[in-house]
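Asker: Heads up, the sequence shown is in the working numbering, so the first residue is 73 and it goes up one at a time.
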Amino acid sequence: MLDALSFDLTSVVEEQPDPLLFATVSGAHLYGFPSRDSDIDLRGVHLLPAADLLGLRDPEETRSRMWFRDGTEMDLVTHDVRKFVRLMLNRNGYVLEQLLSPLVAHTTPAHQELVSLAPGVLTSHHAHHYQGFAKTQWRLFGRTAELKPLLYTFRALLTGIHLMRSAQVQAHLPTLLDEVPEAPGYLAGLIEAKVEAEHGAAVGLEAGRVERDFEALQGVLAAAQERSGLPEHASGFDALDEFVVRHRAPGALAAETARPV
73 MLDALSFDLT
83 SVVEEQPDPL
93 LFATVSGAHL
103 YGFPSRDSDI
113 DLRGVHLLPA
123 ADLLGLRDPE
133 ETRSRMWFRD
143 GTEMDLVTHD
153 VRKFVRLMLN
163 RNGYVLEQLL
173 SPLVAHTTPA
183 HQELVSLAPG
193 VLTSHHAHHY
203 QGFAKTQWRL
213 FGRTAELKPL
223 LYTFRALLTG
233 IHLMRSAQVQ
243 AHLPTLLDEV
253 PEAPGYLAGL
263 IEAKVEAEHG
273 AAVGLEAGRV
283 ERDFEALQGV
293 LAAAQERSGL
303 PEHASGFDAL
313 DEFVVRHRAP
323 GALAAETARP
333 V
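(1) Mind checking whether Leu219 and Leu230 have CB atoms under 8 Å apart?
(2) Just to confirm, are Glu169 and Val241 a CB contact at a threshold of 8 Å?
(3) I'd like the ranges of any beta strand (DSSP E) spanning at least 3 consecutive residues and lying wholly in the stretch 146 to 227.
(4) Can you tell which of Asp90, Leu159, Gly261, Ala288 has the C-alpha that lies nearest to the C-alpha of Leu277?
(5) For His319, report the span of its alpha helix (DSSP H) as first-last.
(6) Below 8 Å between beta carbons: does that hold for Leu223 and Lys155?
(7) Counting only runs of 4+ residues fully inside the stretch 98 to 124, write out the alpha helix (DSSP H) ranges in chain order.
(8) Given a threshold of 16 other Cβ atoms within 10 Å of its Cβ, counted over all protein chains shown, does Ser70 qualify as buried or as exposed?
(9) Can you tell me whether DSSP reads Leu81 as helix, strand or coil?
(10) Please report how far the alpha carbon of Gly214 lies from the alpha carbon of Glu251, in whole angstroms.
(11) DSSP three-state label for Arg129, please.
(12) Which value, in whole angstroms, describes the spacing of the CA atoms of Val97 and Thr225?
(13) Nearest CA to the CA of His151: which residue from Tyr103, Gly116, Arg227, Val317?
(14) What is the DSSP secondary structure of Leu248, counted as helix, strand or coil?
(15) Bridge partners of Thr144, per DSSP?
(16) If you measure between the beta carbons of Leu245 and Ile263, is that distance less than 8 Å?
(17) Have a look at Pro221, Arg137, Leu293, Gln88 and flag the residue whose alpha-carbon is nearest the alpha-carbon of His201.
(18) I want to know whether the stretch 90 to 107 touches the stretch 171 to 186 - three or more CB-CB distances under 8 Å.
(19) Assign Gly165 to buried or exposed, taking buried as 16 or more other Cβ atoms, counted over all protein chains shown, within 10 Å of its Cβ.
(20) Could you have a look at Ser238 and say whether DSSP puts it in helix, strand or coil?
(21) What are the residues that DSSP puts in a beta bridge with Glu92?
(22) Pick helix, strand or coil for Ala288, following the three-state DSSP scheme.
(23) Would you kindly work out how many angstroms separate the C-alpha atoms of Leu126 and Pro322, rounded to a whole number?
(24) Between Phe315 and the rest of its own chain, which residues show a CB-CB distance below 6 Å, the 5 nearest in sequence each way excluded?
(25) Starting from Ala274, follow the alpha helix (DSSP H) in both directions and report where the run begins and ends.
(26) Here's the rule: buried if 16 or more other CB atoms are within 10 angstroms of the residue's CB, otherwise exposed. What is Leu114?
(27) Given Met73, which residues of its chain have a CB within under 7 Å of its CB, disregarding the five upstream and five downstream residues?
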């Protein structure tokens with residue numbers, strides 16, 4: 073559960089207009105480098121009634137809400153289960169990190185089942201997701217010189233490398249520093265520095281060294297993809313299709329949530 077956070081998020085979950093299969097904490101708290109002023113990123117899956125998908129109106133497949141609670145910014149984004157599963161099948165590492173986050177605000181048996189189906193979507197092509205995300209954050213770091221995008225850059229590369237080698241999604245940067253031997257040693261110090269400010273500047277770094285490490289880790293990720301034992305194509309489509317259909321049935325989630333989790 074939310075060992076690293078002092079917030080009771082039960083009321084937030086209960087306020088949602090449709091049932092939630094799960095809600096987890098993502099972002100800097102999941103990645104292991106929150107600042108004192110970091111917002112709390114909640115991500116999850118809601119379940120629209122079947123009628124919402126059959127009529128003329130566009131279904132509310134994605135919902136977003138931002139607000140302040142006790143001086144902390146809260147950011148909640150949920151997808152309808154069908155959209156979320158499609159994202160899973162589209163080699164999207166971001167939604168897998170949300171699904172598998174150990175910082176759980178709300179769970180159901182359906183959430184646990186979806187977690188068990190996650191290995192069926194892992195492919196060697198997830199390396200492209202992490203390469204692309206790292207390059208986007210690197211460009212942002214070039215414009216802002218802030219610690220946050222620099223840490224996001226290296227976190228993405230190390231997560232991708234670890235995934236290619238182990239077939240496990242690990243988004244927590246301090247853990248990755250121990251598990252990926254090529255991780256630059258100075259990242260631990262940068263994590264400590266970011267605690268002080270969400271948008272603090274990256275100071276005391278030799279620009280050439282950081283760029284060399286960025287380029288080197290891109291090469292490590294590409295090599296790890298080549299040698300990965302992960303398949304080229306997802307195997308879990310049929311099981312996930314059956315999951316979506318079954319949980320869309322009227323009363324399916326209510327029956328599950330009546331049982332202890």
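We put the CB at the ideal spot given by N, CA and C, even for glycine. Small disclaimer: the values here were computed from a predicted structure and weren't measured.
Answerer: With the structure as the only source:
(1) no
(2) Their beta carbons are under 8 Å apart, which means Glu169 touches Val241 by this criterion.
(3) 176 to 178
(4) By alpha-carbon distance to Leu277, the top candidate from Asp90, Leu159, Gly261, Ala288 is Gly261.
(5) Here the alpha helix (DSSP H) through His319 covers 309 to 320.
(6) In this structure, Lys155 does not lie closer than 8 Å to Leu223 by Cβ.
(7) Correct list: 99 to 103.
(8) Any property of residue 70 remains undetermined from this structure, which presents the chain solely from 73 to 333.
(9) coil
(10) The straight-line gap from Cα to Cα measures roughly 27 Å.
(11) Under the three-state reduction of DSSP, Arg129 is assigned to coil, being neither helix nor strand.
(12) 20 Å
(13) By alpha-carbon distance to His151, the top candidate from Tyr103, Gly116, Arg227, Val317 is Gly116.
(14) If DSSP states are grouped into helix, strand and coil, Leu248 belongs with the helices.
(15) Arg141
(16) yes
(17) The shortest Cα separation from His201 among Pro221, Arg137, Leu293, Gln88 belongs to Leu293.
(18) yes
(19) Around the beta carbon of Gly165, 16 or more other beta carbons sit within 10 angstroms, so the residue counts as buried.
(20) helix
(21) Going by the sequence as given, residue 92 is Leu instead of Glu. Paired residue(s): His118.
(22) Three-state result, Ala288: helix.
(23) 14 Å
(24) none
(25) Ala274 -> no alpha helix (DSSP H), and no H or E assigned at all.
(26) buried
(27) Caution applies to Met73, whose pLDDT of 36 falls short of 50 and renders its modelled position unreliable; the model cannot decide the point.
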